[in-house]
Structures are given as C-alpha cells and as structure tokens.
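Engineer:
There are 2 protein chains.
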Amino acid sequence: MGYINIKKLAEELNLSPASVSRALNDSHEISKETKERVWELAKKLNYEPNPSASNLRSHKSKTIAVIIPQVANSFFSLAINGIEKIARQRDYHVLIYQTHDNSDMEIAFINRLLNGRVDGILISISSSTIDNTPFTELIKNIPIVFFDRMYDEIDAVNITTDDYESSYQATQHLIEAGCQRIAYLFALNNLITGKRRMAGYVNALKDNNILYDEQLIITHIENEDEDYANIKNLLTSEKPDGIISSIEEMALPCYSACKQLNINIPGDIKIISFSNLKTAQLLDPPLSTVTQPAAEIGQKAAEILFKMLDKKHFEPKETIVLRSTIIPRESTR
Amino acid sequence: MGYINIKKLAEELNLSPASVSRALNDSHEISKETKERVWELAKKLNYEPNPSASNLRSHKSKTIAVIIPQVANSFFSLAINGIEKIARQRDYHVLIYQTHDNSDMEIAFINRLLNGRVDGILISISSSTIDNTPFTELIKNIPIVFFDRMYDEIDAVNITTDDYESSYQATQHLIEAGCQRIAYLFALNNLITGKRRMAGYVNALKDNNILYDEQLIITHIENEDEDYANIKNLLTSEKPDGIISSIEEMALPCYSACKQLNINIPGDIKIISFSNLKTAQLLDPPLSTVTQPAAEIGQKAAEILFKMLDKKHFEPKETIVLRSTIIPRESTR
DNA sequence: CTGTTAGCGCTTTCAA
DNA sequence: TTGAAAGCGCTAACAG
C-alpha cells in the first residue's frame, strides 16, 4: 500500500487535498456529508496516512518512548503492559529502550529522542545513576514522567510506590513474627527508592527498640557470584532470624543459599522481599512479598504523560504515590 | 533542541544543505576534510537529524515493530531483550505492540504499520489465529519475520525451536522415570507450535507402546478458573503419574492443584513443562522444564530481519530452528 | 464550509 | 567533489 495518498483521494472525490486532510482529522470546519464521503473512500481504499509527512508538518509523532533498565523483569514487563494499554486507547505507539542500568545509555537515548521522534518519555532511571544534572536540562525540552525509579532532587512528575511505609511494615511484620536479628539486602542504593526502603527498615527497628547492626546489611553488587557469596557469609556468620530483601534479584539467591546451608525457612529464618513474581506462592517455601502495583504504575504514568501532552504545557510538578501490598506467606505453610 | 537543522549547519559552514546531508550520511562523494568539518560542528551543536523529514524523503524509518501476544511473559520479555540488543547495535528503534492473543488486533496493527512507520516487523502470532489469508497478502508488502509462533502453511521466514523433538524427549524422560499414565496439558492448539508439541508427545507414547488416551488430555481455555477445575478433575478422576504441560501458564495451576489435593510431586506424579521461568529451581518441588533459548530467538529473528532490510529484497523463505534445553529437576530433591 | 499556497527538514536528482 | 532545485505527503495560514 502506501501508494494511495491524500492527493489521490482528493482527485477521486473532486476535493482539495486540504479538505480531505481536514475531513480525515475530523475537523469541525468540514460538513458532515463531506466527511462521510471521505471516510468511506479512505476505508474502501485502505488508506493509511503517512506518519512521517504528518509528523513533519504537525510536530506530533503519536509516539512515546519508554526507557527502562531491563524488559525481562517482572516489574518492568508488567509496567510496559499497563503503558501499552493506555497508549493503544489513545492510538499512540510505544518505543522501548533498555539501559541495562547504564546511566550513560539513558542520556544517549533521551538525546536521540529530542528531535521529534516522540512526543513524550516515560522513564525509570538506572540504578547506577548518580548525577542528575543532565536531566534538569532535558526535562525542559520534552514532557517526561518518571516512574518507580526517579530522582529525589529534581522538580519532575513522578509516579512511585510507598517505599518507606511498605518497608517499615515489612520490618514490623517480621518483628511481630518474633524476629530480632533482621538482616537487610540493600539495593538501588543510589536511588531514592532504595534509600526510602532502607529508611523504613531502620526506623521500624528503632521504633521497636532493636539496635541497628551494620553487620546485618549486605549491599547488592553487579556480580552475581559475589552477591551469593556475601549472602551465604551473612547467613553463616551473623545467623539472622529474619531477612528483608529490597529487590527480588537478591531474595532468590538468598533462598538458594538457605537451602544449601540447610537453614529452614520460615523455621530458622523468615524472609520477605520486594517482588512482583507471579509465582511467589509456589516457591519453596512461599515467598512473603511486598508487591508493587506494577501495571497500575505503568498505566498511571502513561495517563499523566498524555495529560501533559493534551494540555500542551508541562504539568505542575507532582509525585503520585500508589500503595504496595504486603503478602505474608509464612502462615500458609 | 530541534532548533538546529541542516540549513543552519550549512550556513555556518558555507556549504550547501545537500553537501551537509551527504557528509552526515558519510557519502563517498564528499571529501574527507569536508566530512570532518561537518561532523565536528554537528557534534558541537548537538545536532540530531529530524527523523520524519529523513524518513519522508528516504523511505527509511530506522524502526522495526515487534508484535507479540503479551510483554509480561517470561518468553516474550526475554525475546524483546534479544531484539532490542540487536536493534541498538544497528541504531534502530523498536516499537512494541501487544495483541493479547487477539488475532484481529494483529491484522489491525500490521495494517497500521504499512504506511512507512516501520521498515520491518517481527511477529509471534496470537494463539487464537486460525485464518492466515490476511497474512499471505501482508508479507508481500513489508519484510516480516515470524518467531516462535508462526504459520505452517504460508511461505515466510520463521525462527522457531525444536518443538516436536523437545516434546518427544520430555515424554521419553517421563517414561524412563517410570510414568505410564502421562497426561498432556494442551495449549496453542491452533498453532503449529502447539500441534508439534502434541505430536512429539503422541509419537513418544506410541514408540514406547503406551496407549494414547484422550481422557488424559486437557485443552487450555481462556478462563483461568475453568482451567484449574479441569486440571483438578483430571488429577482426581484419571490419576495420571506424569504430566507434560505445553505452556508454563498451565503448569503453575497444576502445581497448586497437586498441593491442594495432597498429591506428592515427584513421588506420586512427575511434571515437566515448557517454561522459561528463571525461578524454576526454587519452585516446590523444582520444576522440570523444556526451556527455549528465548533471547537467542529474539536476536536471531532481528538479525534475519536486518539481513532482509540490508539486501533490500526479501529473503528466500526459510525456517531456522534453535534447540531447546530439557532440564530435569526431580533428581535434585 | 472549501480551495490555494506554502513549507515542515531532509535527500535526491541533475548540472556544474 | 559540490551546488541548485525539486519534492516526499501532509497540514497550517490565509482567502474566499
């Protein structure tokens, strides 16, 4: 196809190309009957407007970009799901970019998107990001919504979950279950997300008069084997009776380590993790989780972005907080 | 940005826009020193070409589309991972469309993509697809590569896995483990993928002189609750001692049902499933799997598509088969 | 309500 | 090796 264009439609209908264009875009300055003649022929000939031409002229790409660390991740794939749903409702197209937690890629992607390829950007920043200065400039040039992983300091539109509160509650949950030596698997430490989760843990300990012990903190590193070794070491030398994992990716090796060391879950140690694993209840034992409303976060982020695009001006900066759900599973065993 | 365009670069450099364009595209009819002058200024001014203008004129969008049933799925998210990797190497952009297994959406998406928005399409067709006639036309209009879920009958480029062989081997594995009444959880029944997996099961039974029993087949339906009820019913009334699940989405409820019915895995029943779950070994008990090389399939599909785009003609129709891995876990218990 | 004209930013002839 | 000119298909501005 593509052979059929507005000019041909116009000839066929004895109209000017401009009128055809207006009719196709449902302009109010075209009579209803003309519109219907145009629509009928367009449909009959299977006409699809050329997006490049339209975009070049109108400066609207009907496309948004999603920049995330990784697609193959339970949270992000669900978020994309939500985003795509909203985009489709609006007849928008969705571009995907993976940073693999490399913040340079992030900046490079955005710079490549400032030329009109997309109307707006949804981003979850990489955990290696420290310097936010490039972003303070970028968000002036294109509508951006941050979701889940965002900056603390810059004035942007953010969609996030109640990281502090849910982490606090998860800790409280373990304490009420009798844990006194609760270890914390620390990740996303450059991000406000990670800091808040940590703070929830620390404050819950304090409010329960349990001493914070640095020896019980393991910080996530890139290397899987080292991570695993560190966790194993923690389990043997510190003998915690509870563990909070701030990411799914650390809870799973922790499970393996417990099995290997013959540490009984939840008898010897209780584990709760931030996780969106659909199969959590089938793990051995079922994994207690802090589950984020991932798809809803994606949807909400997309909705806010479209609101910004509709209004043709940038939204007053705001942060929307959705609530996570704590699902304890120890009892089911 | 976006304010800086070729015309401005040309003025600044005392060159014609045409020469600047040629230099930026590394044309061989431009002197090396001119190219370098252009590149230097372009970089300095952070120039990014307007993709709409470029595409409108050159009919190259540097964009591919990925049409899949669902992002939030272990196989497809890994496949996207592989696709995005190759696309980035080629400086291409990746659009994502979810069909939610609705074949009408599929056709609608493709029709919307025939207007130059993308240079090529990677597609995994929906399991509800029966009629392939729209596709026989579509694949003449744009380069398309089918991956994992494709048509049997049409002459297209396909990337797939050894569904028949791996299913045969999985069945053989259960038989060698002593199973005699092996049930089959049948899905993707409209697709050649599903048919081949079924055929592998049937032929393995035959080659081992085990009677094929229709009562042992459960066909996947959309409704989760009904699926679950059917599986439970199968377990109680037919008492199989082995189960092959042709998709992950049926193996998981099967696990739950066994637990609920106090059927011991793998003591009373052995289960193996087509699955790409990274956490398979943490399930209770560890899940024996037929694992597809998901990311590699995505990569390969993208590579072939780019080969088609490079050659500017359509690839001779071919089917590339990658091998799945069978991972038995019963022994680890 | 409809037509005419111009031009978005780029690439591609054709000519020098 | 470079420049001038045309035009991809569409829509916005201006007329009428």
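First to last, the protein sequences are chains A and B.
Residue numbers for the first sequence follow the working numbering, so the first one is 747 and each next one is one higher.
Residue numbers for the second sequence follow the working numbering, so the first one is 747 and each next one is one higher.
The beta-carbon is built from N, C-alpha and C at its ideal position, and this holds for glycine as well.
Just so it is clear, the structure is predicted and the values come from calculations on it, not from any experiment.
Kindly list the residues whose CB is nearer than 7 angstroms to the CB of S872 (chain B), restricted to its own chain and excluding five residues on each side of it in sequence; keep chain order.
Structural biologist: P815, T845, D847, N848, S849 and E852
Engineer: Helix, strand or coil for L1033 (chain B), going by three-state DSSP, please let me know.
Structural biologist: coil
Engineer: In or out: V891 (chain A) buried (at least 16 other Cβ within 10 Å) or exposed?
Structural biologist: buried
Engineer: Please list, in chain order, the residues of the region 835–857 of chain B that have any C-beta partner in chain A closer than 8 angstroms.
Structural biologist: H839, V840, L841, I842, Y843, Q844 and N857
Engineer: Check the C-beta distance from L1029 (chain A) over to L860 (chain B) and give it rounded, since I have them as a contact under 8 angstroms.
Structural biologist: Not confirmed; about 45 angstroms, so no contact.
Engineer: Going by beta carbon distance, what residues of the same chain come within less than 8 angstroms of P795 (chain A), once the five residues before and after it are set aside?
Structural biologist: I752 and L770
Engineer: In three-state DSSP terms, what is L1110 (chain A)?
Structural biologist: Not covered by the structure: residue 1110 (chain A). The range shown for chain A is 747 to 1079.
Engineer: Give the single residue among B:F1020, B:N1008, B:V903 and B:I885 whose Cα lies nearest to the Cα of M944 (chain B).
Structural biologist: B:F1020
Engineer: If you compare alpha carbons, which of A:P1062, A:D1056, A:E1076 and A:I1043 is closest to K1069 (chain A)?
Structural biologist: Note that residue 1069 (chain A) is Arg in the sequence shown, not Lys. Nearest C-alpha to R1069 (chain A): A:I1043.
Engineer: Write down the C-beta distance between S762 (chain B) and N1022 (chain B) rounded to the nearest angstrom, noting that I regard them as a contact closer than 8 angstroms.
Structural biologist: So it is not a contact: roughly 54 angstroms between Cβ atoms.
Engineer: By the 7 angstroms beta-carbon criterion, what residues does the region 969–1001 of chain B contribute toward chain A?
Structural biologist: For the region 969–1001 of chain B, the set of positions with a beta-carbon nearer than 7 angstroms to some beta-carbon of chain A reads L998 and Y1001 in chain order.
Engineer: State the beta-bridge partners of G924 (chain A) as determined by DSSP.
Structural biologist: Answer is none; G924 (chain A) lacks a bridge partner.
Engineer: If you pair each beta-carbon of the region 981–992 of chain B with each one of the region 913–929 of chain B, do three or more pairs fall below 8 angstroms?
Structural biologist: Remark: three or more beta-carbon pairs, one from each stretch, lie closer than 8 angstroms, so the region 981–992 of chain B and the region 913–929 of chain B are flagged as touching.
Engineer: With a CB to CB cut of under 7 angstroms and the five nearest residues on each side skipped, what residues in its chain are close to L1080 (chain A)?
Structural biologist: Past the boundaries of the shown model lies residue 1080 (chain A); chain A is included only from 747 to 1079, so the question cannot be answered.
Engineer: Just the Cα atoms here: how many angstroms apart are D772 (chain A) and D837 (chain A)?
Structural biologist: 15 angstroms
Engineer: Touching or not, the region 855–869 of chain B and the region 888–902 of chain B, by the rule of three or more beta carbon pairs under 8 angstroms?
Structural biologist: Yes, since at least three Cβ pairs between the region 855–869 of chain B and the region 888–902 of chain B fall closer than 8 angstroms, the two stretches touch.
Engineer: Determine the extent of the beta strand (DSSP E) in which K1016 (chain A) is found, giving its start and end residues.
Structural biologist: K1016 to F1020
Engineer: Chain B beta carbons: is any one of them nearer than 8 angstroms to that of S767 (chain A)?
Structural biologist: no
Engineer: On a CA-only basis, which of A:D1056, A:Y930 and A:T939 is nearest A950 (chain A)? Give me that one, please.
Structural biologist: A:Y930
Engineer: Taking Cβ positions, are K1063 (chain B) and L920 (chain B) nearer each other than 8 angstroms?
Structural biologist: Judged by their CB atoms, K1063 (chain B) and L920 (chain B) are not nearer to each other than the 8 angstroms cut-off.
Engineer: Taking the alpha helix (DSSP H) that G940 (chain A) belongs to, which residues open and close that run?
Structural biologist: Segment I938 to D953, the alpha helix (DSSP H) holding G940 (chain A).
Engineer: In angstroms with no decimal places, state the Cα-to-Cα distance between P1032 (chain A) and K1024 (chain A).
Structural biologist: 11 angstroms
Engineer: Quick one, which residues of the region 780–791 of chain B are near chain A if we go by CB-CB under 9 angstroms, in chain order?
Structural biologist: none
Engineer: Give me whichever residues DSSP pairs with H839 (chain A) in a beta bridge.
Structural biologist: A:T809
Engineer: Under 9 angstroms between beta-carbons, which chain B residues line up against E830 (chain A)? List them in chain order, please.
Structural biologist: V817, I842, Y843 and Q844
Engineer: Taking Cβ positions, are V903 (chain A) and I1050 (chain A) nearer each other than 8 angstroms?
Structural biologist: I1050 (chain A) is positioned such that its CB atom lies closer than 8 angstroms to that of V903 (chain A).
Engineer: For the region 796–806 of chain B against the region 823–830 of chain B, do three or more pairs of beta-carbon atoms, one drawn from each stretch, fall closer than 8 angstroms, so that the two count as touching?
Structural biologist: no
Engineer: Let me see if you follow: with CB-CB separation under 8 angstroms, is P763 (chain A) close to chain B or not?
Structural biologist: no
Engineer: Based on the DSSP secondary-structure assignment, which residues constitute the bridge partners of T965 (chain B)?
Structural biologist: B:F932
Engineer: Taking only three categories from DSSP, how would you classify T780 (chain A)?
Structural biologist: helix
Engineer: In whole angstroms, give me the CA-to-CA distance for P999 (chain B) and E779 (chain A).
Structural biologist: Straight-line measurement puts the Cα of E779 (chain A) at about 55 angstroms from the Cα of P999 (chain B).
Engineer: Which same chain residues, not among the five before or five after A1026 (chain A), have their C-beta less than 6 angstroms away from its C-beta?
Structural biologist: Excluding sequence neighbours, A1026 (chain A) sits near L1033 and T1035.
Engineer: Note down the Cα distance separating R783 (chain B) from V766 (chain B), rounded to an integer number of angstroms.
Structural biologist: Going from the Cα of R783 (chain B) to the Cα of V766 (chain B) covers about 10 angstroms.
Engineer: By the 7 angstroms beta-carbon criterion, what residues does the region 797–824 of chain B contribute toward chain A?
Structural biologist: Residues are counted here when their Cβ sits less than 7 angstroms from a Cβ of chain A; for the region 797–824 of chain B these are P797, S798, A799, N801, L802, V817, A818, S823 and L824, given in chain order.
Engineer: Pull up the CB-CB distance for V948 (chain B) and I826 (chain A), whole angstroms please, since I reckon it's below 8 angstroms.
Structural biologist: With a Cβ gap of about 37 angstroms, V948 (chain B) and I826 (chain A) do not count as contacting.
Engineer: Between L1007 (chain A) and the rest of its own chain, which residues show a CB-CB distance below 8 angstroms, the 5 nearest in sequence each way excluded?
Structural biologist: K978, L981 and T982
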